[in-house]
Amino acid sequence: MAKINSINNSTGSLTFDPGASGDSVVKLEINTSSKFAIGVDDTDSDSFKISASGVLGTTDTFITDSTGCRIMPLQPATTVVMAVAANSVTGDGSTYTIIWDDEIFDQNSDFNTGTGTWIAPVTGRYRISLCVWLNDVDTTAFTAQNIQIVTSNRTCEGAVCNARSISSNVSGQSSNPLSVLADLDASDTVTTTVTVSGGTKVVDVQTVGASAPRGWLSISLVC
Amino acid sequence: MAIVNSINNKTSELTVDPGASGDSFVQFNIGTGKFRIGVDDTDDSFRISQGSALGTNDTFIMSSAGERTMPLQSAFLVILTSTKSNVTGNNVKYTASWDSEIFDQNSDFSGTTFTAPVTGRYRFEASMLLGDLTSTHNNNSFRLETSNRTYLIQNNPGGSRSSADEYSCYMSVLADMDASDTAVLAIQVVGSTQTVDVESNGSSDPQTWWSGNLEV
Chain A
25 MAKINSINNS
35 TGSLTFDPGA
45 SGDSVVKLEI
55 NTSSKFAIGV
65 DDTDSDSFKI
75 SASGVLGTTD
85 TFITDSTGCR
95 IMPLQPATTV
105 VMAVAANSVT
115 GDGSTYTIIW
125 DDEIFDQNSD
135 FNTGTGTWIA
145 PVTGRYRISL
155 CVWLNDVDTT
165 AFTAQNIQIV
175 TSNRTCEGAV
185 CNARSISSNV
195 SGQSSNPLSV
205 LADLDASDTV
215 TTTVTVSGGT
225 KVVDVQTVGA
235 SAPRGWLSIS
245 LVC
Chain C
970 MAIVNSINNK
980 TSELTVDPGA
990 SGDSFVQFNI
1000 GTGKFRIGVD
1010 DTDDSFRISQ
1020 GSALGTNDTF
1030 IMSSAGERTM
1040 PLQSAFLVIL
1050 TSTKSNVTGN
1060 NVKYTASWDS
1070 EIFDQNSDFS
1080 GTTFTAPVTG
1090 RYRFEASMLL
1100 GDLTSTHNNN
1110 SFRLETSNRT
1120 YLIQNNPGGS
1130 RSSADEYSCY
1140 MSVLADMDAS
1150 DTAVLAIQVV
1160 GSTQTVDVES
1170 NGSSDPQTWW
1180 SGNLEV
């Protein structure tokens, strides 16, 4: 039978469990409450884990397998697209805040699909990748455009150009990418906007859904 | 003389060694899985290592200055070192065949294709320089084709080409991939004849490149 060696006092314990539970694990407890477990998970291909519970395999925050690849299943990370197009929202200089209403994934549940707003769960550096797909930019009147990543700390602007010149001959469609590593404080927000100018308000932010995304917003906590 | 406190059983499934070997570590052994975590005496970095030695097959390294690297994490950067001529322009789709790997941690890239080693969220970033465009090449699809979905960038490369008849497509996305899913990068230009090139200029000045990494 495997030994269990525990170092503890009245308010908590540090337990070294060399395989009694099947796992080889160190368990860290504070005020008699299990906080983290570190070790090799016997039931998951002997992968190394850091789990935010007293049990490997429950609330895993960090997993490294035998290939050396590391995943973090709870790390804030989102990619969202539009399920419903936003028709005739700009073209006359109006700024439209994009409502990304369909989540491909949203680890940590930080995105609000009703408002198109991301809320940073902790202070950190976040990679934000945006692509806005426009439709009906098909007259020469549309002489200017920009897209923006609007964070609480600052607004990052890109894709500034003659809107018509980059639009394809297919319904005046264009893709407009922008990417940045942004500083966000806990509870800071991120939204995205698009502005097309020079014509009338007929320009759409278009979509074909999650199976073939032509516009998307990806955000992840990098460091 | 170092004090050795070893907590283990007859199969040595868990060992705590506060520095007897030079490193201070906890060793986890179970089945075929072996991992060691601790501080590597050679540079005082904190490491998570496969096997039974810090400094060998390190999966996670945190320096004393707080700099974190993951030498075995799936990550690649591939480039074209030479121009691929007349590959599209007439609605033909060209799937890029990459002729140089700048790096390929975990060896997940081959030829045209990245294969996901594990289920996760992968960051992809790519830039492709098109050449020999004419005004009638008025639509393009720049495509990241993954097993789960295809991400597509669409513009008018001919209408917005430079004076050198070039246009650069760019994409960045965090994609969901399951273990063994694949990803390729392709370009499809429409509107005229098959005269459009995918350009590059050697490994020191890559004009067409694709990178990816397992992010979370």
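Those protein sequences? They're chains A and C, same order as listed.
Residues 25 to 247, numbered by our numbering, are exactly what the first sequence covers, in order.
Residues 970 to 1185, numbered by our numbering, are exactly what the second sequence covers, in order.
We put the beta carbon where it would ideally sit given N, CA and C, even for glycine.
Here the structure is a predicted model, which means the values were calculated and not measured.
Rounded to the nearest angstrom, the gap between the Cα atoms of C:L1121 and A:S69 is 36 Å.
A:K51 and A:G78 do touch by the CB rule: their CB atoms are close to 6 Å apart, below 8 Å. Shown here, A:V108 sits in coil according to DSSP, grouped into three states, outside any helix or strand.
Distance from the CA atom of A:D209 to the CA atom of A:P145, rounded to whole angstroms, is 8 Å. In the structure shown, the three-state DSSP call for C:E1135 is coil. Taking a cut-off of 8 Å on C-beta distances, the stretch 187 to 199 of chain A does not touch the stretch 124 to 135 of chain A, as fewer than three cross pairs fall below it. In this structure, the alpha-carbon of C:S1014 lies about 13 Å from that of C:A1022. A distance below 7 Å between beta-carbons, with the five flanking residues on each side excluded, links A:S199 to the following residues of its chain, in chain order: C155, W157, R238. C:A1065 is positioned such that its CB atom lies closer than 8 Å to that of C:V1167. For C:E1135, the closest Cβ of chain A is not nearer than 8 Å. Put simply, the backbone Cα of A:V220 is about 23 Å away from that of C:F1111. For C:R1016, not one C-beta of chain A is nearer than 8 Å to its own C-beta.
For the stretch 1154 to 1174 of chain C, the residues whose beta carbon sits under 9 Å from a beta carbon of chain A are, in order, V1159, G1160. Contact annotation: in the stretch 47 to 60 of chain A, residues whose CB is within less than 9 Å of a CB in chain C are D47, S48, V49, V50. For the options C:D1073, C:F994, C:A1144, the alpha carbon positioned closest to that of C:G1024 is the one of C:F994. For C:M1146, the beta-bridge partners assigned by DSSP are C:G1089. According to DSSP, residue pairing for A:R149 in a beta bridge involves A:D207.
Among the CB atoms of chain C, one or more fall inside 8 Å of the CB of A:S235. Annotation: A:K225 is outside any beta strand (DSSP E) and is labelled neither H nor E by DSSP. Between A:R151 and A:S244, the beta carbon gap of about 5 Å places them in contact (Cβ cut-off 8 Å).
Between C:Y1091 and chain A, the shortest Cβ-Cβ separation is not below 8 Å. The closest CA to that of A:G92, considering only C:Y1139, C:N1107, C:P1086, is found on C:P1086. Membership of C:W1178 in the beta strand (DSSP E) is indicated by the continuous run 1178 to 1183. In terms of Cβ geometry, C:V1165 and C:D1101 form a close pair [threshold 8 Å]. Look at the beta carbons and you see the stretch 169 to 180 of chain A not touching the stretch 1081 to 1097 of chain C: under three pairs across the two are nearer than 8 Å.
Contact between the stretch 110 to 124 of chain A and the stretch 222 to 232 of chain A is present, with at least three C-beta pairs closer than 8 Å. Note that the C-beta distance between C:F1083 and C:L1046 is not below 8 Å.
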